[in-house]
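When we follow this note's numbering, the leftmost residue of the sequence shown carries the number 131, and every step to the right adds one.
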Amino acid sequence: MGTGAGQLPPHAATITVRTSPELDQLTMLRALSDTVTLNAALSAEETEDVRVALDEVATALICASVRDAPIECEFVTRPGQLSITVGAVAAAADAIGEKTLPWQVLDTVTHSFATVAEPFDPERHGFPVTVGFVRTHETGPADG
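Here is the structure:
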């Protein structure tokens, strides 16, 4: 059975959360990240890398978000890989620019990442910004 557009490959699991753009929501995102990495059987080092990357990206997007625009976070686990996408509507298109700390962290602790800033959306009063990153990990024989 092949996968078409929008379909996940076998053994993929997706968790999506939407939260208010408030710094006190970082605790919830950290807890969710820890739970997902635990279920994905990531090592302690890999878990810490994911936590640090998510924390930096989410903090930057929360601080840059326009009032009342939710922060959306999606975790997709596959054998040997965890992908995380974080999105928000930011007041500036360069919320996660090359010279920012989140960019440097992503470049250091992830295997790949991408940032996309769409043009200003007048209906949403800001720039839709999405940051996606991937952390690969070793899988054992039982992981498939």
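By construction, the Cβ of each residue, glycine as well, lies at the ideal position given by its N, Cα and C atoms.
**Integer-rounded CB distance, given that Val-187 should sit under 8 Å from Ser-163** = About 11 Å; that fails the 8 Å criterion.
**Pairwise C-alpha distance: Lys-229 and Thr-144** = 31 Å
**Asked** Does the stretch 198-205 touch the stretch 225-243, meaning 3 or more C-beta pairs lie closer than 8 Å?
**Response** Judged by Cβ distances under 8 Å, the stretch 225-243 makes no contact with the stretch 198-205, as fewer than three pairs qualify.
**Asked** What's the gap between the Cα of Gly-217 and the Cα of Ala-199?
**Response** 10 Å
**Buried or exposed by the 16-neighbour rule on C-beta atoms within 10 Å, applied to Gly-262** = Burial call: buried.
**Prompt:** From Glu-253 to Glu-268, what does the alpha carbon distance come to, in whole angstroms?
**Reply:** Pairing Glu-253 with Glu-268, the inter-Cα distance amounts to about 44 Å.
**Prompt:** Which residues share a DSSP beta bridge with Leu-212?
**Reply:** Paired residues: Thr-207, Arg-265.
**Item:** 8 Å CB neighbourhood of Gly-274 in its chain, flanking five on each side removed
**Value:** In this predicted model, Gly-274 has a pLDDT of only 44, less than 50, meaning its place in the structure is not dependable; the value taken from the coordinates is given anyway. For Gly-274, where only same-chain residues beyond five positions count, the Cβ hits under 8 Å are His-141, Pro-209.
**Prompt:** Does the distance from the C-beta atom of Ala-183 to that of Val-259 stay below 8 Å?
**Reply:** no
**Message:** Could you tell me the alpha carbon to alpha carbon distance between Ala-247 and Ala-223, rounded to whole angstroms?
**Reply:** 5 Å
**Val-147 versus Leu-159 - alpha carbon distance** = When rounded, the distance between both Cα atoms is 9 Å.
**Request:** Below 8 Å CB to CB, which residues in the same chain sit around Trp-233 once its five sequence neighbours on both sides are set aside?
**Result:** Ile-226, Gly-227, Thr-245
**Prompt:** What does a CB cutoff of less than 8 Å around Ala-221 pick up in its chain, not counting 5 residues either side in sequence?
**Reply:** Answer for Ala-221: Ala-194, Ser-195, Val-196, Gly-256, Phe-257, listed in chain order.
**Prompt:** Using DSSP with H/G/I as helix, E/B as strand and the rest coil, what is Arg-148?
**Reply:** strand
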